[in-house]
Structure formats: structure tokens, C-alpha cells
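Colleague: Quick one: the structure is below, questions incoming.
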Amino acid sequence: MVSKFFCVKTSVLSVFLLLLWGTVAQAQTKSFTRQDTLRGSITPERAWWDLAYYHLNVRVNPADSTIRGTNTITYKVLAPSQRMQVDLQSPMQIEKITQNGKELSFTRDGNAFFVQLTEKQTVGAVNTVEVFYGGKPVVSKNPPWSGGITWKKDVQGQPFIANSNQGDGASLWWPCKDHMYDEPDSMLISVTVPEHLMDVSNGKLRGVAQNTDGTKTFHWFVSNPINNYGVNLSIGDYVHFSEKFKGEKGILDCDYYVLKENLEKAKVQFKDVPRMLKAFEHWFGPYPFYEDGFKLIEVPYTGMEHQSAVTYGNGYQNGYRGKDPSGSTGWGMKFDFIIIHESGHEWFANNITYKDIADMWIHESFTNYSENLFVEYHYGKKAGSEYVIGTRAGIGNKEPIIGEYNVNHKGSGDMYPKGGNMLHTLRQVVNNDKKWRDILRGLNKEFYHQTVTTQQIENYLSQQVGRDLTPFFNQYLRDIRIPQLEYQLAGNTLKYRWGNAVAGFNLPVKVYLNGKEKWLEPLTTWKELKGVKPGTELALDPNFYVNSTRKEGI
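Take any residue in the sequence shown, note its place counting from 1, add 293, and you have its number in this note's numbering.
Here's what the structure looks like:
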């Protein structure tokens with residue numbers, strides 16, 4: 294998902310952050326509840342079973358804003374237990390739960406339902422429970438940044454409906470194992486809607502059933518693992534067009550669903566899709582879901598990264614709602630921000646997925662960074678650098694990027710522009726564009742279709758870069774200070790060190806001494822460089838997200 298910026302004087306970047314992260318101060322003092330723990334941790338009632346398959350079968354009724362249906366959960370038993378946690382948030386209700394046709398008893402603790410299984414759960418067995426549920430799900434007050442269902446009408450007065458629920462949870466509208474660490478290997482999504490409407494969900498359309506009650510059921514099959522929040526309903530009076538993309542793994546089906554009145558605009562604007570695919574396959578490797586295709590779907594909110602079913606509501610214009618996310622560089626107006634950013638999440642969010650939302654930077658920092666890689670691919674390296682440097686105006690440095698673990702708590706919105714600039718800085722350290730590209734492609738290969746932790750990503754990058762990056766990540770992910778290159782020129786000696794830094798911070802940095810390139814290896818203790826001409830001017834390479842200050846009288 295994308296952050297949004299607010300600016301009083303400078304740029305549109307700050308609007309981005311305050312809209313999504315306007316409650317940062319509250320988060321700093323938030324006290325976590327039992328419900329936060331039940332939602333955000335791998336409880337004993339979750340740990341013993343592994344998701345294999347979902348069949349979500351729902352009827353969506355626009356007339357009264359209700360959803361009713363079943364979710365059939367197939368799972369593998371990892372350890373002996375008879376108590377299972379299934380999640381569904383109020384005001385939705387679970388009506389009954391069955392296994393092999395026998396009704397099971399369950400108790401409710403807030404948004405967690407604890408099911409008592411009667412049949413012995415034998416290790417290695419693959420079993421199924423069916424959950425029957427219904428109700429009026431929460432209506433999103435500010436989609437996609439507040440979770441829920443959006444019930445709108447298009448200009449013709451037809452229902453226009455979509456879900457958005459990252460962070461708040463997929464269990465806002467369907468019963469599931471609502472924790473990111475575990476994904477089903479595949480999923481069937483069956484959605485029944487009034488017959489004059491269309492549902493577009495994830496994966497490939499298996500078929501459409503015409504029912505006798507004036508409805509149709511759309512059956513969408515996802516053949517790859519899928520995260521909970523990526524499961525998608527998009528319902529409207531859509532028209533469809535498509536194209537084929539010749540990619541690294543063969544032919545990729547690209548399908549587009551838009552409101553009828555926007556068809557011609559979409560045919561022009563969606564030309565950014567093959568441009569995106571060319572750039573991101575170059576940098577990150579093959580699109581991760583060839584079997585499920587790629588879809589771009591118009592919805593009544595800005596957009597989100599639903600897996601293989603990216604949603605779009607950017608008004609058929611370049612930039613983010615017509616504004617340049619990189620300030621005044623101009624490069625952000627060369628592409629449709631929502632198409633590029635949300636599609637970047639197919640690699641970082643849907644292919645590589647965080648286990649705990651505290652590590653949401655894995656999604657958003659890499660995807661923020663993907664924007665300038667897109668710019669670089671199409672407009673050159675200098676343009677890409679200018680873009681990412683331009684996004685720094687949106688960095689707040691008020692809270693660490695990493696949140697609190699096991700309580701469903703995401704960190705600071707700095708995970709977007711600061712995270713992108715952190716990765717751009719790391720690229721400078723690598724100082725080898727082929728190696729850097731290999732590292733990014735290697736990430737998507739090493740962690741293909743996996744849920745991961747920050748530590749796994751840090752370890753991988755340290756190994757590939759060839760240096761211990763622990764202090765680097767401690768500085769940028771866990772601290773709010775910008776590293777400060779402190780230096781003094783005394784005669785022909787340059788003294789320098791890192792200030793404003795965590796213990797052990799040792800980032801190499803490129804500087805220019807009287808315009809001549811020089812690499813320094815500062816520590817948090819003073820070092821010296823001899824043979825510098827008196828009066829030498831020192832300038833930082835602007836591609837490093839650091840500051841500098843000249844000290845006197847050390």
C-alpha cells in the first residue's frame with residue numbers, strides 16, 4: 294500500500310505521510326491489549342496447523358451492504374491439538390462451524406473464535422473445517438488507509454464495491470487465519486453478485502455460473518500462495534480489455550477491468566503496465582505470478598496491491614493524483630504512480646511477504662525504491678537518483694521504521710521515503726550496478742513465495758554485499774537520527790567520524806575534496822587523512838542519505 298503526503302510549504306510528500314500516519318504520536322504511547330496479541334501473535338491455537346487451501350464462497354448484496362457465505366479451510370496438522378483459532382471481526386458473525394458434516398462448538402473472545410475439534414488431529418493429516426458466517430462488514434471511512442468495504446455508486450448509479458484491509462485485517466469481512474506468517478498454497482474465490490454486475494478477484498477466472506435468482510457467481514482460482522490482505526473483491530459494471538506481455542517466463546496475460554465511461558482513458562493510461570513489467574522484471578526478476586496473470590482493476594479508492602489483481606483509482610493521470618511524489622524534480626509526472634507503486638508490491642509484499650506487520654518496511658521500502666528504479670530504467674540513472682532524493686522531503690524522523698512485534702503494530706511512515714533512500718544509500722556502498730541488480734533479483738529468488746522476517750532480509754543483504762550491515766540497519770530502521778559526517782580540516786590533515794549515529798556505525802561514504810572523488814571509511818571514533826591541501830572544501834555525494842558538519846577546534 295502507498296503512503297500519502299501533506300505539505301504546508303514544501304511538497305506533496307508530507308501530505309502522503311500525514312494522511313496515512315497522522316496518528317504517529319498516539320502510536321508512541323499506545324498500550325496494547327489482549328485483542329492486539331490475539332491478532333498479532335502466533336498463538337498456540339494457530340501454531341499447530343498449517344494452511345493449505347481456502348475456498349471462500351460469498352454472496353455480496355449491494356442492496357443492504359451485507360456479505361454472507363462460507364470459508365472452507367483445509368490445513369495440515371503439525372502438532373497434536375484440538376483447539377483452533379479462526380478470526381472474524383465484529384459486527385460480522387460466525388453462524389456455525391463444521392468438520393466432516395458435524396457441527397462444532399466454539400467460543401468468541403473479541404475478534405477471535407476458538408473452535409473445539411472433536412475428531413483427533415493426527416500429525417501429518419490434512420483436514421478441513423467449514424465456517425458459515427454473515428453480516429454487515431465495517432465500512433471503510435478512508436480507503437485504503439482504514440480497513441473495510443467501500444460501497445459506492447458509479448456515475449450511472451450502479452453499485453461500485455471494493456475491499457481494503459491491510460493492517461486492520463482480512464477478518465473484517467471473511468473468517469480466516471488472520472496472521473501474515475501463514476498463507477494457503479492456493480485458493481478458490483467464489484463471489485455471487487447481481488447478474489448485471491461483475492466481480493473481479495485474484496487469479497484466473499475459472500467460470501461464471503448463471504443462477505436462477507437473478508445473480509451470477511464468479512469463480513476465481515489462485516494457484517500460488519496468497520497473503521490474507523491481498524484477497525480481493527472488486528464489484529462493478531465493468532468492461533474488460535487485455536493484452537499479452539512477452540516476459541522472462543513466457544507470455545503473461547494482462548487483463549484490465551474498468552468502468553464503461555473510462556474505457557478509452559484506460560486504454561491510454563494502462564500503457565504504463567508493460568513499461569512497469571519491463572522495468573521490474575529487469576531489476577527484480579520474473580513477475581512472480583505468471584500462472585495467475587496480472588490484472589489492473591478500477592475501484593472507488595486510490596489503489597492497493599492485491600495479489601495478481603492490483604486495484605486502481607488514480608483518476609487516469611500521471612503522478613499521484615496529479616502531483617509529483619518526488620517534489621519538484623518532474624520525474625514523478627512521467628508515470629502513473631499508482632500503477633507503478635502498487636504493481637511493485639507484486640515482488641515486495643506478495644512474493645516476499647512480512648511475517649509480522651512490524652516489518653512492513655520489507656514491503657514499503659523496497660516498493661518505494663522501485664519507483665526510482667522504474668524511472669532509471671526508462672529515463673536514466675541520473676533521473677532515478679533525482680527522483681529518490683526528491684522524496685526525502687517527506688521523511689519525518691519522528692519514530693523508528695520498525696514497529697512493535699506480536700501486537701499487529703506497524704512502524705513509522707518513514708518506511709516509504711526513508712526506506713527508499715536507505716536502499717539507495719546501500720546501492721552506493723555496493724558501488725557495482727550489476728552486483729546490485731543481482732542482489733535484488735536474488736532476493737526474489739531466495740525468498741520466492743515466502744513469508745520472512747527483517748532478520749532474514751538483513752542477513753541476506755549482509756552476505757551478498759560482503760559486510761556486516763547490522764549497524765547500518767540499526768541506524769536506519771531502529772533509530773530516528775540522520776548520520777552526521779563530522780569533520781575538521783587542520784593544516785594538511787582531515788579528521789572525520791560519524792556523529793548522530795548508533796554504536797558501531799561504519800558506513801563508507803563518497804565525498805568530494807575540491808571536486809575530486811574520495812571514499813572515506815568513517816567510524817564513530819575520529820580518523821585522520823593526511824596530505825589534504827589547506828583550505829580544501831568537502832562535499833558529500835548527495836546519493837547518500839547522511840548529513841555533514843564541519844567542526845572547529847577539535
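Glycine included, C-beta positions come from ideal geometry on N, C-alpha and C.
Here's a check: name, in chain order, each residue in its chain whose Cβ is nearer than 8 angstroms to the Cβ of Pro567, leaving out the five neighbours to either side.
Modeller: The residues are Glu536, Phe538 and Cys547.
Colleague: Tell me Asp380's beta-bridge partners as DSSP assigns them.
Modeller: According to DSSP, which records beta bridges pairwise, Asp380 is partnered with Ala405 and Cys469.
Colleague: Are there 16 or more other CB atoms within 10 angstroms of the CB of Phe641, so buried, or fewer, so exposed?
Modeller: Burial call: buried.
Colleague: Going by DSSP, what residues sit across from Ser479 in a beta bridge?
Modeller: DSSP lists Tyr346 as partners of Ser479.
Colleague: Counting C-beta neighbours from all protein chains within 10 Å, is the total for Trp513 16 or more, i.e. buried, or is it exposed?
Modeller: Answer is buried; the Cβ neighbour count reaches 16.
Colleague: By the 10 Å Cβ neighbour count, where 16 or more other Cβ atoms means buried, how is Ser705 classified, buried or exposed?
Modeller: Ser705 comes out buried.
Colleague: Between Ser516, Asp530 and Glu412, which has its C-alpha nearest Val448's C-alpha?
Modeller: The residue with the shortest Cα to Cα distance from Val448 is Asp530.
Colleague: Alpha carbon to alpha carbon, how far is Gly596 from Pro835? Give it in angstroms, no decimals.
Modeller: Approximately 32 angstroms between the Cα atoms of the pair.
Colleague: Figure out for me which residue from His742, Leu770 and Ser619 has the closest Cα to the Cα of Glu692.
Modeller: Nearest of His742, Leu770 and Ser619 to Glu692, Cα basis: Leu770.
Colleague: Apply the 10 Å Cβ neighbour rule to Lys534 and answer buried if 16 or more other Cβ atoms are within range, or exposed otherwise.
Modeller: The sequence shown places Phe at residue 534, not Lys. Looking at its Cβ environment, which holds fewer than 16 other Cβ atoms inside 10 Å, Phe534 is exposed.
Colleague: With DSSP as the reference, label Ser658 as helix, strand or coil.
Modeller: Three-state result, Ser658: helix.
Colleague: Let me know the beta strand (DSSP E) ranges lying completely inside the stretch 512-597, each 3 residues or longer, listed in chain order.
Modeller: You should have 527-529, 531-540, 543-552 and 587-591.
Colleague: Quick check on the DSSP output: the alpha helix (DSSP H) that includes Asn767 runs from which residue to which?
Modeller: Run containing Asn767: Thr763 to Arg771, per the alpha helix (DSSP H) assignment.
Colleague: Please report the residue range of the alpha helix (DSSP H) in which Ile750 lies.
Modeller: Residues Thr747 to Val758.
Colleague: Give me, in chain order, the residues of the same chain whose beta-carbon lies closer than 7 angstroms to that of Pro579; leave out the 5 immediate sequence neighbours on both sides.
Modeller: So the list reads Gly540, Glu541 and Lys542, once near-sequence residues are dropped.
Colleague: Once the 5 residues before and after Glu810 are set aside, which same chain residues still bring their CB inside 7 angstroms of it?
Modeller: If we look at Glu810 and ignore the five residues flanking it on each side, its Cβ neighbours are Lys803.
Colleague: How long is the line joining the alpha carbons of Ser433 and Met708, rounded to whole angstroms?
Modeller: If I take the Cα positions, the gap works out to 23 angstroms.
Colleague: Along the chain, where does the alpha helix (DSSP H) containing Asp617 start, and where does it finish?
Modeller: Unbroken run through Asp617: none, as it is neither H nor E.
Colleague: Who are the near neighbours of Tyr605 in its chain, counting only those whose CB is closer than 7 angstroms to its CB and skipping five residues on each side?
Modeller: These residues qualify, in order along the chain: Leu589, Ile590, Glu591, Val592, Gly596, Ile631 and Ile632.
Colleague: Write down every uninterrupted run of the beta strand (DSSP E) in the stretch 777-804 whose length is 3 residues or greater and which is fully enclosed by it, in chain order.
Modeller: Counting whole runs of 3 or more residues, the stretch 777-804 contains the beta strand (DSSP E) stretches 777-783 and 786-792.
Colleague: Across which residues does DSSP place Met491 in a beta bridge pair?
Modeller: Bridge partners of Met491: Gly529.
Colleague: With DSSP run on the structure shown, which of helix, strand or coil describes Thr367?
Modeller: DSSP places Thr367 in strand when its eight states are reduced to three.
Colleague: Nearest by alpha-carbon distance to Lys820: which of Trp438, Glu830 and Gln781 is it?
Modeller: Of Trp438, Glu830 and Gln781, the residue nearest in Cα terms is Gln781.
Colleague: Using alpha carbons as the reference points, say which of Thr786, Ser457, Ser678 and Tyr346 lies closest to Glu423.
Modeller: Checking every option, the nearest Cα to that of Glu423 belongs to Tyr346.
Colleague: Three or more beta-carbon pairs under 8 angstroms between the stretch 393-408 and the stretch 480-490, yes or no?
Modeller: They do not touch, by the three-pair rule.
Colleague: Let me confirm a value: Pro373 is counted as buried when at least 16 other C-beta atoms fall within 10 Å, else exposed. Which label applies?
Modeller: By the 10 Å Cβ count, Pro373 comes out exposed.
Colleague: DSSP three-state call for Asp834: helix, strand or coil?
Modeller: Three-state DSSP puts Asp834 in coil, outside helix and strand.
Colleague: Taking the alpha helix (DSSP H) that Thr330 falls in, what are its first and last residues?
Modeller: First-last of the alpha helix (DSSP H) with Thr330: Arg327 to Gly333.
Colleague: Sort out for me which residues DSSP pairs Thr744 with in a bridge.
Modeller: The partner list for Thr744 (beta bridge, DSSP) reads Thr646.
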